[in-house]
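Chains as they are written, first to last, in this note's numbering: chain A, 1230 to 1476; chain B, 1230 to 1476; chain C, 1230 to 1476.
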Amino acid sequence: MKGVILSINPLARIIDITHDLRPQDITGAAFSILVAYPAFPHGTIHVAVVDPGVGSDRLPIVVQAGNQIFVGPDNGLFSYVCEREAAAQVFAIRNDSLFRRPVSSTFHGRDIFAPVAAALSTGLTPAEVGEKLNTWNTLGTLRPRLLGNRTLQGRILHIDHFGNCITNFSREDFPGSQSGVRVSVNGRNIGSLRQYFAEPSPRKAESLFAIWGSAGFLEIAARNRSAAKILRAKAGQAVTAHLRNDR
Amino acid sequence: MKGVILSINPLARIIDITHDLRPQDITGAAFSILVAYPAFPHGTIHVAVVDPGVGSDRLPIVVQAGNQIFVGPDNGLFSYVCEREAAAQVFAIRNDSLFRRPVSSTFHGRDIFAPVAAALSTGLTPAEVGEKLNTWNTLGTLRPRLLGNRTLQGRILHIDHFGNCITNFSREDFPGSQSGVRVSVNGRNIGSLRQYFAEPSPRKAESLFAIWGSAGFLEIAARNRSAAKILRAKAGQAVTAHLRNDR
Amino acid sequence: MKGVILSINPLARIIDITHDLRPQDITGAAFSILVAYPAFPHGTIHVAVVDPGVGSDRLPIVVQAGNQIFVGPDNGLFSYVCEREAAAQVFAIRNDSLFRRPVSSTFHGRDIFAPVAAALSTGLTPAEVGEKLNTWNTLGTLRPRLLGNRTLQGRILHIDHFGNCITNFSREDFPGSQSGVRVSVNGRNIGSLRQYFAEPSPRKAESLFAIWGSAGFLEIAARNRSAAKILRAKAGQAVTAHLRNDR
């Protein structure tokens, strides 16, 4: 893919975000894109290829959102970005004059996404790639759901390299209760909220804690251990938060 | 190695292809080079260091092939490229004025290959590096062998990240029989040929299938599973293809 | 982090050294920095983030040493470089006008180190970042200790990708005895010294050997096997070297 891009635009600057996703891990890729893109300059073109449906009738798409561009399959990879960026526009990739020939049925990253991204980097506009779409595939929403008036139903968006479980709870879900977050995962309650990972614990036995992570989401962590292993937690599974009376 | 290259040619553009090969995996590296180089622009210099013989009398070499240059040890890393590119020329690296000093006996990547590649990127020609060689070390051929008139004897070139088993069978080995490929691995027959990975299977129980991969080789795959694990297959092992009568 | 750097300095050239360190592996990171920096051009800025103490009162620092700059947490990551480079200067990072806002308490790589490194790449001097420090945190010394007059007490600095155990013994620790190094790890003596990994062994049964590695340190290795596994050795543990009478 890098060779294809540089063959079309020798001045392209290529940055690796990650090559350490598990095979077929669409939700992990979607999370990685969500947390990375806000730090990139306007005009950045992101290419993402976690693409188990390659060769089927799933569409290749270009997303224009947040002054950046995203190229890849329509399988949810960019749906978190589209949820965040109200003005997101999604285009089908139809202009096959841009493709590398022959187009394989197993590696659209090389034959479609890379050459389209390279063409966009030389001035092509998303609208020149194909028609604008009104619907696209999405993963679940980033917003937790209120059950009754004291319980929030959320999920684990991602389990990171350290075993931290990153939920979809944001600070605005806990108005006025910064100091008293209580969440449950797999029947276990986590009531301790830390400001940073190495914070001394008041109770020695307490190994799990919650922490506001760098992506703005509540994470469940354990110092120098994998919280996911302790909790037997998996990406996508349910997490519950209990809101305090003073909400 | 990147520091050495940039110290000699501050304008060099360095692209990572892979750092995920297993230690000493010469055939895996040779396969990665074979599938990557066709996508790169003319004049690209590829540096490859899978080098268990470092420090012994194995030669460091420069290969000029397909309008590109390859730098590394003479242990077969570039032999697939040389087989593909009839006009390939191979040069010994002798010009030790190019080397980083002192030359370690355990890391020629840093002390020989990187500085030679950097010098080539600034205009040095392969012939200025050392004499042209008539022979070099090769891995097995990329061509399968015809046994009788209906059986092709091939091998698994590589097992990829997903567990797909990539054979050395090419489309031209199966003239007129695109729809009826039948291969055997470890006593198991795979008779189903798919166009893409997510293709719906007519028979539910059927987990293994063949597919023409993005490198132009027949691959044995299993949807969302590792075919290599199912088959207990290893890189380098034999694979047999049965040609149809209508050949 | 790459997005933050490019947002501040669009002309920055970003090179990846490694993303394969184990979580929290400060000594492995310190070793990687020690062996990589000498090959880089003057003016290179190294950013390193192995940072279990992020958010606590550990300082963020900038190190100026060997005509290069290092940015990261004050947890020993750069202490080997400071030991090597007598003229090293260490500065606290205090100038919070450089930081990305809001500063998270869990990812200073993105919010402090990356923007400070980017500012340094555009001409800011280390002294403009904060005051010079007289002390900083260090890992153990790179120098082994002489016990009596014939025994050197050292340690394993790092276990590499291949399982080679890299000690802190340097050539100058063995004056006049290049051919007769004898080291002990976990009660096992290694008396064979090879020049290169693939050197034919005089004794077949002998699997472990010592070798002067590319970083200038004595390594304990096994051909095509992991010496660390054979020895059940761990990074940081003691290694003893026995000097010969003719010292």
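Where is the CB? At the ideal position from N, CA and C, for every residue including glycine.
| At a Cβ threshold of 8 Å, is A/H1275 touching chain C? | no
| task | Pull up the distance between the alpha-carbon of A/A1450 and that of C/H1387, whole angstroms please. | result | 28 Å
| Which runs of the beta strand (DSSP E), 3 residues or longer, sit entirely within the stretch 1374-1435 of chain B? | 1374-1376, 1380-1388, 1394-1399, 1411-1414, 1417-1419
| Cβ-based contacts, 9 Å cut-off: residues of the stretch 1315-1341 of chain B near chain A | none
| What residues in the stretch 1431-1456 of chain B have a beta carbon less than 7 Å from any beta carbon of chain A? | I1440, G1442, S1443, N1453
| field | Coil, strand or helix - A/I1449 by DSSP | value | strand
| field | In DSSP terms, what C/W1441 is bridged to | value | C/L1447
| field | C/T1469 - partner residues in DSSP beta bridges | value | C/Q1382, C/S1413
| query | What residues are listed by DSSP as bridge partners for A/R1454? | reply | A/A1451
| request: Return the Cβ separation of B/R1454 and B/S1436 in integer angstroms, given the expectation that the two are a contact with Cβ distance under 8 Å. | output: 7 Å
| said: Under 8 Å, Cβ to Cβ, is there at least one residue of chain B near C/Y1425? | reply: yes
| task | May I have the straight-line CA-CA distance separating A/L1235 from B/A1294, to the nearest angstrom? | result | 19 Å
| message | Bridge partners for C/H1337 per DSSP, in chain order? | response | Beta-bridge pairing links C/H1337 to no other residue.
| request: Report the rounded CA-to-CA distance for B/I1244 versus A/I1322, giving the unit in angstroms. | output: 27 Å
| Is DSSP giving A/I1298 helix, strand or coil here? | strand
| said: Bridge partners for A/P1289 per DSSP, in chain order? | reply: A/P1302
| Which whole-angstrom value describes the C-beta separation of C/V1414 and C/V1468, a residue pair presumed to lie in contact below a C-beta threshold of 8 Å? | 5 Å
| Helix or strand or just coil, what does DSSP make of B/L1371? | coil
| What is the C-beta distance between A/F1307 and A/F1299, in whole angstroms, given that I count them as a contact (C-beta under 8 Å)? | 5 Å
| Residue from A/A1462, A/R1400, A/R1339, A/R1461 whose Cα sits closest to the Cα of B/P1267 | A/R1339
| task | Identify whether A/F1320 lies in helix, strand or coil by the three-state DSSP scheme. | result | strand
| field | Between the CA atoms of C/D1389 and B/E1177 - distance to the nearest angstrom | value | Here chain B covers residues 1230 to 1476 and nothing more, so residue 1177 of chain B does not appear.
| query | Within the present structure, is the beta-carbon of C/P1429 separated from the nearest heavy atom of the ligand NAP by less than 7 Å? | reply | Absent from the structure shown: the ligand NAP. Ligands present: none.
| request: Keeping to the same chain, check which residues put their C-beta closer than 7 Å to that of A/L1375; ignore five residues upstream and five downstream. | output: L1381
| field | Beta-carbon gap between C/G1257 and C/L1263 smaller than 8 Å | value | no
| query | How about C/A1462 and C/I1385: do their beta carbons lie closer than 8 Å? | reply | yes
| said: Between A/T1469 and chain B, is the shortest Cβ-Cβ distance under 8 Å, so that the two count as touching? | reply: no
| said: Let's test the definition: count the other Cβ atoms within 10 Å of the Cβ of B/P1270 and tell me whether it reaches 16, buried, or not, exposed. | reply: exposed
| request: Can you give me the start and stop residues for the alpha helix (DSSP H) that B/I1255 sits inside? | output: 1255-1265
| task | Using the DSSP secondary-structure output, state which residues sit across from B/V1276 in a beta bridge. | result | B/V1300
| message | Quick check on the burial criterion: 16 or more other C-beta atoms within 10 angstroms. Buried or exposed for C/H1337? | response | buried
| Boundaries of the alpha helix (DSSP H) in which C/V1283 is found, first to last residue | Element bounds for C/V1283: n/a, residue is neither H nor E.
| field | chain A within 8 Å of C/K1231, Cβ atoms only | value | yes
| So A/L1368 and A/Y1309 are in contact, right, with Cβ under 8 Å, and what is the actual spacing, rounded? | 7 Å
| field | Spatial neighbours of B/R1329 in its chain, beta-carbon cut-off 8 Å, leaving aside the 5 residues before and after | value | V1233, R1339, D1340, I1341, A1343, P1344
| field | Interface flag, B/S1285 vs chain C, CB-CB below 8 Å | value | yes
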